[in-house]
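Numbered by full-length UniProt numbering, the letters in the sequence shown go through residues 1 to 86 in order.
Backbone N, C-alpha and C define an ideal beta-carbon position, used for all residues, glycine too.
Keep in mind it's a predicted model, so treat the numbers as computed, not measured.
Let me begin by presenting the structure, written as structure tokens, before commenting on it.
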Amino acid sequence: MARQNSQKSPQSPAPKSTSERPQAPQAQPAPQAASNSATATRSPPAPTNEQIARRAYEIYQARGGTHGSSEQDWFQAERELKLGRQ
Numbered sequence: 001m002a003r004q005n006s007q008k009s010p011q012s013p014a015p016k017s018t019s020e021r022p023q024a025p026q027a028q029p030a031p032q033a034a035s036n037s038a039t040a041t042r043s044p045p046a047p048t049n050e051q052i053a054r055r056a057y058e059i060y061q062a063r064g065g066t067h068g069s070s071e072q073d074w075f076q077a078e079r080e081l082k083l084g085r086q
């Protein structure tokens, strides 16, 4: 037996329920301003090579300009600058 009406009528989609709707994005808390205690715990920026070289040269001159201790002068200068003293 053949069908006489081979075309189907278009069906309208069912309305979406509230559970299928996209959720609104959640508000993110605003970042808090840095307090004085937070900045006090930060370490100072690392000394640059130029700063270390200048301090190492000062140490070299203070030793009387004798050669042979350039690495020791460099490490001492780096250590002093990291600790914040000169």
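- Per DSSP, the unbroken alpha helix (DSSP H) holding R54 starts and ends at N49 to A62.
- Counting other Cβ atoms within 10 Å of its Cβ, A56 reaches 16 or more and is therefore classed as buried.
- Setting aside the 5 residues that flank it on each side, A77 is surrounded in the same chain by I52, R55, A56 and I59, each with a C-beta closer than 7 Å to its C-beta; the list follows chain order.
- The criterion of a C-beta distance shorter than 7 Å is satisfied by L81 and P47.
- Each of S69, G84 and W74 was checked against the Cα of E50, and the nearest Cα belongs to W74.
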